[in-house]
Each structure stands twice: as C-alpha cells, then as structure tokens.
Amino acid sequence: MMPTEQLPLNEPCMEVSDLVGSKKSQRMSVWPESRFHDSNASIGRVLIISEDSMVRDFLRQMLRLLGYDSLALKGWPPVNLEELSQNVEAIFLEHHFYDQCRSLIGKPNEVGQDFPLMVVLAPEESSDALPEQLPDRFRVLQKPLDYRQMGKIMDECFYLKMQAERAHTIKNRVLPSC
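The opening position of the sequence shown corresponds to residue 5 in our numbering, with each subsequent residue numbered one higher.
Right, here's the structure in full:
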C-alpha cells in the first residue's frame, strides 16, 4: 500500500484550476485562445449592429455579464458581413438591417457551420414590418430589451454552438482500422 499525503485540517482542498478568479482557470477556456482575441475566459463572440448608442451599451454590458465578448458597430459594416461573422455566435441588429442580411442565412461559413443566430431588435411599432415567418436562424427581440430575453437568446446560442461543435467532432473523428 502506498502512503498518501494528508493535508492539514485547516488547509483548503482545492486546486488552482478550481478557483474562479485565478489566472490559470481563465486560461483553461474551452475554446482555443486564437479564436477569441478580447478575452481568454469568454464563452464566445457576438456582433452588435445598432445606430443607437444606448442599445449598443446595454447589449455589451449584458453580454459581458453572460460571459460573451462583443464587437459593436454604429451602422452597417463597410466590409462583407460574412467575413465579420467568422467565429461569432450571434449577431444583434436593428430591424431596418433585416433585409440586408436575410440573403446570407443558410450559407455555411468557412468552418462549415451555419451562419450565426441573427437577433433582430424590433421596436413594438415596427414589428408589423417584419414577416410573420422568419428564417430558422432569426429571432426577434422586442424593445425595450430586458435581461430575461437576453438570457434566453444567449442560452439558445450556446446550445446551438455546442451542437455544432459536437457534430464537427463526430464528423472528424477517426475510427481505428480493424
């Protein structure tokens, strides 16, 4: 029988990786560090396209609290949205940008996964302008926004991301030859 090392009774029985605020736990992110440039501990990245600074600030704060990094743009990006959306889990955009990005849905990106979840921010009076049947990857959030709506959308984003990662892993799994 091998001798075991006993810890003194008043010493904590945790490893450094168990500590939430430690540098080591922040480096132990599920995602590769090269994929996310803003933070090593983020769940993912979200793109915000809104002309309203209050909406951009609110969304950035909510996403930061939920563990996401975000990139906020004041208007429609001058570059191709497909390039901007690489490694992005969701895109929040104002309702008047809906027609500009509708054609991109359904196109796989370079990783092979579907285009990210598109969340349309619609004021109550403009909800009639959006079609009744939205494509599969579109969601509508009614303004004024609240944290419950955001939580549900980001939970769905995380679930979709996990499904895509699992499918990618299974597809690339190499079976041993017999």
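Heads up, the beta-carbon is just placed ideally off N, CA and C, and yes, glycines get one too. If you're wondering where the values come from, they're calculated on a predicted model, not measured in any experiment.
Which two residues bound the contiguous beta strand (DSSP E) that contains I52?
Here residue 52 refers to the residue found at position 48 of the sequence shown. Run containing I52: G48 to I53, per the beta strand (DSSP E) assignment.
Between which two residues does the alpha helix (DSSP H) carrying L59 extend?
Looking up residue 59 in the sequence shown gives position 55. Looking at the sequence shown, residue 59 is not Leu but Val. Segment S57 to L69, the alpha helix (DSSP H) holding V59.
If distances are taken between C-alpha atoms only, which option among D150, K175 and M158 comes closest to I49?
Translated into the one-based positions of the sequence shown, residue 49 becomes position 45. Here residue 49 turns out to be Arg, not Ile, going by the sequence shown. Closest by alpha carbon: M158.
For L63, does the count of other Cβ atoms within 10 angstroms reach 16, so buried, or fall short, so exposed?
Numbered from 1 along the sequence shown, position 59 holds the residue referred to as residue 63. That one is buried.
If you follow the alpha helix (DSSP H) that R143 is in, where does it begin and where does it stop?
Counting from one through the sequence shown, the residue named residue 143 turns up at place 139. First-last for R143: F142 to Q146, but that is the beta strand (DSSP E), not the alpha helix (DSSP H).
Mapping DSSP to helix, strand and coil, what is D159?
As a working mapping, residue 159 is identified with position 155 in the sequence shown. In this structure, D159 counts as helix in the three-state DSSP scheme.
Pairing CB atoms from the segment 154 to 168 with CB atoms from the segment 69 to 82, are three or more of them under 8 Å?
Yes, since at least three Cβ pairs between the segment 154 to 168 and the segment 69 to 82 fall closer than 8 Å, the two stretches touch.
S57: buried (16+ other C-beta within 10 angstroms of its C-beta) or exposed?
Taking the sequence shown and counting its residues from 1, one reaches residue 57 at position 53. S57 is exposed by the Cβ-count criterion.
Could you give the first and the last residue of the continuous beta strand (DSSP E) run that contains D73?
On the sequence shown, position 69 is the one that residue 73 refers to. First-last of the beta strand (DSSP E) with D73: Y72 to L77.
Can you name the start and end residues of the beta strand (DSSP E) that L1 belongs to?
Any property of residue 1 remains undetermined from this structure, which presents the chain solely from 5 to 182.
For D150 and W80, what's the separation of their Cα atoms in angstroms?
In the sequence shown, the residue the question calls residue 150 occupies position 146. In the sequence shown, the residue the question calls residue 80 occupies position 76. Straight-line Cα distance between these residues: approximately 24 Å.
Consult DSSP for L97 and reduce its assignment to one of helix, strand or coil.
As a first step, residue 97 is located in the sequence shown; it is residue number 93 there, counting from the start. L97: strand per DSSP, three-state reduction.
Buried or exposed, going by whether 16 or more other CB atoms sit within 10 Å of the CB of E169?
On the sequence shown, residue 169 is found 165 positions in, with the first residue counted as 1. It is exposed - the Cβ of E169 has fewer than 16 other Cβ atoms within 10 Å.
Where does L164 sit, in a helix, a strand or coil, going by DSSP?
Within the sequence shown, residue 164 is the residue found at index 160, counting from 1. In the structure shown, L164 sits in a helix (DSSP, three-state: H, G or I).
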